[in-house]
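Peer 1: Just dropping this structure here.
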Amino acid sequence: MTEKKTSKQMLNELVAQHYADAGKAKAEGKLVAWATSICPQELLEAMDIYVVYPENHAAAVAARKQSMDFLERSESCGYSIDICSYARVNLGYKDIMESDACNIPAPDLVFCCNNICTTVAKWYENLATELDIPFILFDTPFNHRYEAADHTIAYMRGQLEHVIGQLEEITGKEFDYDKLSEVMRISNETAYWWRKACFTARANPSPLNGFDMFNYMALVVCIRGKKEGRDLFRLWYEELEERAKKGLGPWKEGEEKYRIIWDGIACWVHLSPTYKILKKYGVNVVTSLYPDAWTIFYETNDIEGMARAYSYYHANRCVDYVSDTMLGLAADFNIDGVVFHSNRSCKLMDFTVYEQQRRLEEKAGIPSVVFDGDMCDPRVLSQAQYETRIQALVEMMERRKAAKEGR
Numbered sequence: 010m011t012e013k014k015t016s017k018q019m020l021n022e023l024v025a026q027h028y029a030d031a032g033k034a035k036a037e038g039k040l041v042a043w044a045t046s047i048c049p050q051e052l053l054e055a056m057d058i059y060v061v062y063p064e065n066h067a068a069a070v071a072a073r074k075q076s077m078d079f080l081e082r083s084e085s086c087g088y089s090i091d092i093c094s095y096a097r098v099n100l101g102y103k104d105i106m107e108s109d110a111c112n113i114p115a116p117d118l119v120f121c122c123n124n125i126c127t128t129v130a131k132w133y134e135n136l137a138t139e140l141d142i143p144f145i146l147f148d149t150p151f152n153h154r155y156e157a158a159d160h161t162i163a164y165m166r167g168q169l170e171h172v173i174g175q176l177e178e179i180t181g182k183e184f185d186y187d188k189l190s191e192v193m194r195i196s197n198e199t200a201y202w203w204r205k206a207c208f209t210a211r212a213n214p215s216p217l218n219g220f221d222m223f224n225y226m227a228l229v230v231c232i233r234g235k236k237e238g239r240d241l242f243r244l245w246y247e248e249l250e251e252r253a254k255k256g257l258g259p260w261k262e263g264e265e266k267y268r269i270i271w272d273g274i275a276c277w278v279h280l281s282p283t284y285k286i287l288k289k290y291g292v293n294v295v296t297s298l299y300p301d302a303w304t305i306f307y308e309t310n311d312i313e314g315m316a317r318a319y320s321y322y323h324a325n326r327c328v329d330y331v332s333d334t335m336l337g338l339a340a341d342f343n344i345d346g347v348v349f350h351s352n353r354s355c356k357l358m359d360f361t362v363y364e365q366q367r368r369l370e371e372k373a374g375i376p377s378v379v380f381d382g383d384m385c386d387p388r389v390l391s392q393a394q395y396e397t398r399i400q401a402l403v404e405m406m407e408r409r410k411a412a413k414e415g416r
């Protein structure tokens with residue numbers, strides 16, 4: 010009998026397959042799109058356009074310690090060191106188009122959804138201008154209140170309908186609504202199993218090491234609309250659920266002493282040391298705002314519902330919503346503390362870090378620390394500063410535990 014693959018084996022195979030299939034699609038003359046990480050990829054896949062994600066690619070390049078070549082290239086072309094390092098890696102890669110880590114083919118169009126930040130609009134506009142290819146923008150107005158206004162949803166639905174027309178013009182064929190229905194259905198199923206897997210970390214101890222969540226996240230971005238993605242996350246959930254039933258923690262060796270929220274993007278370029286320092290002190294990342302980032306639910310064939318779902322990414326919502334969500338996670342996952350990554354690349358997220366920190370302390374008494382870093386630029390993080398901050402957090406969490414236990 011053939012031994013059943015683990016989800017980690019499937020993960021590695023599917024990542025390799027994703028990049029190989031992108032190159033194959035380009036070689037066969039199919040259209041390839043570069044797209045932002047949380048965009049309605051359903052529309053592109055419905056038209057058999059192969060989608061790759063520059064943010065994912067930049068993270069993979071950084072994790073393999075190869076981002077500096079591309080950062081230096083884009084900076085030599087006049088791009089400021091203060092802009093997003095995902096953008097700088099990608100804009101440098103656009104000129105070099107070769108990496109020992111992994112490669113993506115040149116795009117025939119770019120598709121940008123600005124629910125994640127405002128930088129992506131100018132980044133993708135520059136790509137389109139320099140490469141002389143179509144630029145499609147799906148604009149999601151910021152939600153200053155808890156819920157998106159009706160006129161905002163109507164505006165976004167109109168845009169999605171316009172995008173369909175643009176794709177018909179680019180491809181020269183009618184939009185395939187039957188294929189769209191299938192991709193929408195699978196995307197919802199994938200999101201369901203992704204969330205189920207991530208939420209197994211509510212068990213104590215958590216069966217999930219949160220840095221594994223960061224690794225699996227690569228494919229919830231890349232193949233959310235494909236059956237292989239759905240099957241991967243269902244298998245991952247089953248494995249984690251089995252571990253939880255057996256009372257197994259996140260590591261083969263070492264005890265989960267403290268459970269934390271990691272707020273912000275992982276430091277891909279320093280992934281190993283940031284993980285190992287936490288593990289050294291028995292600190293496990295059990296959740297973040299990431300699980301719900303790709304928990305994009307809507308009714309199949311409901312274009313308006315899809316517009317609303319893409320509007321509700323946490324970076325596109327008000328401070329009250331984000332702080333209430335974090336407080337809810339803290340209660341749901343029995344959180345001891347929070348690590349805030351003050352990411353030089355992500356100004357939008359960083360602007361609210363200290364307000365979120367204040368609210369967590371004031372409303373729930375949860376201690377937290379902030380460290381300076383970046384997802385792809387290795388010049389920003391000081392490992393010594395990072396460890397000092399983690400030591401401080403451990404001391405605060407231990408005092409809080411002692412007070413609760415009357416020690």
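Everything in the sequence shown is counted per my numbering, starting at 10 for the first residue and increasing by one. Quick reminder that beta carbons are idealized off the backbone N, C-alpha and C, glycines included.
In the DSSP assignment, what are the bridge partners of PHE220?
Peer 2: In the DSSP assignment, PHE220 forms no beta bridge with any residue.
Peer 1: Count Cβ pairs between the region 232 to 240 and the region 266 to 275 that sit closer than 8 Å; are there 3 or more?
Peer 2: no
Peer 1: Taking the alpha-carbon positions, what's the LEU241 to TRP202 distance?
Peer 2: 9 Å
Peer 1: Taking all protein chains shown into account, decide if THR127 is buried (16 or more other Cβ within 10 angstroms of its Cβ) or exposed.
Peer 2: exposed
Peer 1: Looking only at its own chain, which residues have a Cβ that is under 8 Å from the Cβ of PRO300, when we skip the five neighbours before and after it?
Peer 2: TRP203, ARG204, CYS207, PHE208 and MET222
Peer 1: Taking only three categories from DSSP, how would you classify ARG97?
Peer 2: helix
Peer 1: Using a Cβ-Cβ cut-off of 6 Å (strictly less than) and excluding sequence neighbours within five positions of ARG233, which residues of its own chain qualify?
Peer 2: SER196 and THR199
Peer 1: DSSP beta-bridge partners for VAL61?
Peer 2: TRP43
Peer 1: With respect to the beta strand (DSSP E) encompassing ILE270, which residues constitute its N-terminal and C-terminal limits?
Peer 2: It spans 267 to 272 - the beta strand (DSSP E) in which ILE270 sits, taken as one unbroken run.
Peer 1: Hey, is the region 140 to 153 in contact with the region 299 to 314, meaning 3+ C-beta pairs nearer than 8 Å?
Peer 2: With a cut-off of 8 Å, the region 299 to 314 and the region 140 to 153 do not count as touching, because too few Cβ pairs lie within range.
Peer 1: Going by DSSP, what residues sit across from HIS350 in a beta bridge?
Peer 2: Beta-bridge partners of HIS350 (DSSP): PHE380.
Peer 1: Does GLY219 pass the burial test, meaning 16 or more other C-beta atoms within 10 Å, or should it be called exposed?
Peer 2: buried
Peer 1: Is the region 273 to 280 touching the region 70 to 79, taking contact as three or more C-beta pairs under 8 Å?
Peer 2: yes
Peer 1: Compute the Euclidean distance between the alpha carbons of ASN325 and LEU169, then round it to the nearest angstrom.
Peer 2: 18 Å
Peer 1: On the premise that LEU176 lies in contact with MET56, defined as a C-beta separation below 8 Å, what is that separation, rounded to the nearest angstrom?
Peer 2: 5 Å
Peer 1: Who are LEU118's beta bridge partners in DSSP?
Peer 2: ALA42
Peer 1: Alpha carbon to alpha carbon, what distance is there between ALA318 and GLN50?
Peer 2: 13 Å
Peer 1: Can you grab the Cα-Cα spacing for the pair ASP141 / PRO114, in whole Å?
Peer 2: 15 Å
Peer 1: Which residues mark the beginning and the end of the beta strand (DSSP E) in which THR361 is found?
Peer 2: Element bounds for THR361: n/a, residue is neither H nor E.
Peer 1: Helix, strand or coil, according to DSSP, for PHE184 in the structure here?
Peer 2: coil
Peer 1: Say whether the region 383 to 397 touches the region 344 to 354, bearing in mind that this needs 3 or more beta-carbon pairs closer than 8 Å, one atom from each stretch.
Peer 2: yes
Peer 1: Mind checking whether LEU298 and VAL331 have CB atoms under 9 Å apart?
Peer 2: yes
Peer 1: Give, in chain order, every unbroken run of the beta strand (DSSP E) that is at least 3 residues long and sits entirely within the region 66 to 94.
Peer 2: none
Peer 1: How long is the line joining the alpha carbons of PHE144 and TYR133, rounded to whole angstroms?
Peer 2: 7 Å
Peer 1: Between ARG97 and SER108, how many whole angstroms is the CB-CB distance? I'm expecting something under 8 Å.
Peer 2: Not a contact, Cβ separation roughly 14 Å.
Peer 1: Is the beta carbon of LEU336 closer than 9 Å to that of ARG368?
Peer 2: yes
Peer 1: Looking at C-alpha atoms only, which residue of LYS372, ALA411, GLU12 and VAL379 is the closest neighbour of GLN394?
Peer 2: VAL379
Peer 1: Got a sec: does the ligand GTP put a non-hydrogen atom nearer than 8 Å to the Cβ of LEU100?
Peer 2: In the structure on display, the ligand GTP does not appear, and there are no ligands present to speak of.
Peer 1: Within 10 angstroms of its Cβ, does GLN18 collect 16 or more other Cβ (buried), or is it exposed?
Peer 2: exposed
Peer 1: Tell me where the alpha helix (DSSP H) around VAL331 begins and ends.
Peer 2: 328 to 341
Peer 1: Return yes when the Cβ of GLU139 is within less than 9 Å of the Cβ of LYS182, no when it is not.
Peer 2: Taking 9 Å as the cut-off, the beta carbon of LYS182 is found no closer than this to the beta carbon of GLU139.
Peer 1: Is it true that the CB of ASP345 sits closer than 9 Å to the CB of ARG427?
Peer 2: Past the boundaries of the shown model lies residue 427; the chain is included only from 10 to 416, so the question cannot be answered.
Peer 1: According to DSSP, is ILE286 helix, strand or coil?
Peer 2: It is helical.
Peer 1: Since GLY291 and GLY263 should fall inside the 8 Å C-beta cutoff, what is the C-beta to C-beta distance between them, to a whole number of angstroms?
Peer 2: 6 Å
Peer 1: If we count the other Cβ atoms within 10 Å of its Cβ and call it buried at 16 or more, is TRP245 buried or exposed?
Peer 2: A residue is called buried when at least 16 other Cβ atoms come within 10 angstroms of its Cβ; TRP245 meets this threshold and is buried.
Peer 1: Verify whether the separation of the beta carbon atoms of ALA36 and VAL61 is less than 9 Å.
Peer 2: no
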